[in-house]
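The sequence shown begins at -7 in the numbering used here and counts up by one.
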Amino acid sequence: MADSPKDLDRTTHDQVTNLLGANHARSLLLILRGLVASLAGYADGSLVGPDGLASIHRLKSEAGLMGFARLSAACGAFDDVDAGHGPAESAIPELRSAIASVLLITDELTGPDDGGQATR
């Protein structure tokens, strides 16, 4: 869809990296990746539960800050769920698709999460 936000807005990401420095930006990416990976493991019903919604709302801001426009927009579809409304029918599949994309992109930007283990 032509109107869809980019998975990664490189200009925004580069601006944040320049402002914070490469090491701090990488640390924030790893934190973001951890939150995204955690949400990837949630069942659909858990995504709209209190913990899932809190994580989604947090992720919306962090994703936008780091240049992950599509993920931030996908999280925005859950803004009204707190008011007792369910998300649109396409919200969960779009969130899952954006999450999968961000996991791939963050792996490329930072290397895969080794869970604290040395690589190779």
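Cβ atoms here follow ideal geometry from the backbone N, Cα and C, with glycine treated the same way.
Just so it is clear, the structure is predicted and the values come from calculations on it, not from any experiment.
Taking Cβ to Cβ, would you say residue i is nearer than 9 angstroms to residue j?
i, j, result
"Leu51", "Ala69", "no"
"Ala90", "Leu57", "no"
"Arg2", "Thr102", "no"
"Ala80", "Ala32", "no"
"Leu11", "Thr98", "no"
"Glu54", "Ile23", "yes"
"Ala46", "Ser(-4)", "no"
For residue i, collect the residues of the same chain with a Cβ closer than 6 angstroms to its Cβ; drop the 5 residues on either side in sequence, then sort them by chain order.
i, result
"Val94", "Val28, Phe60, Leu63"
"Cys67", "Ile48, Leu51, Lys52"
"Gly37", "none"
"Val40", "Val73"
"Ala35", "none"
According to DSSP, is residue i part of a helix, a strand, or is it coil?
i, result
"Val8", "helix"
"Gly44", "helix"
"Lys(-2)", "coil"
"Ala14", "helix"
"Ala35", "coil"
"Gly56", "helix"
"Gly108", "In this prediction, Gly108 scores a pLDDT of 42, lower than 50, which makes its location untrustworthy; the coordinate-derived value is nonetheless stated afterwards. Coil."
"Met(-7)", "Per-residue confidence for Met(-7) stands at a pLDDT of 44, beneath the threshold of 50, marking its modelled position as unreliable; no derived number is given."
Assuming the contact rule is C-beta atoms closer than 8 angstroms, residue i and residue j should be a hit. Round their C-beta distance to whole Å, please.
i, j, result
"Val8", "Ala17", "6 angstroms"
Can you give me the Cβ contacts of residue i inside the same chain, cut-off strictly under 8 angstroms, excluding the 5 residues immediately before and after it?
i, result
"Asp(-1)", "Phe60, Ala61, Arg62, Leu63, Ala90, Ser93, Val94, Ile97"
"Ser30", "Ser47"
Using a Cβ-Cβ cut-off of 7 angstroms (strictly less than) and excluding sequence neighbours within five positions of residue i, which residues of its own chain qualify?
i, result
"Thr4", "Gly59"
"Asp6", "none"
Original post:
What residue ranges within the segment 63 to 104 form continuous alpha helix (DSSP H) runs of no fewer than 4 residues, ordered along the chain?
Top reply: 83 to 102
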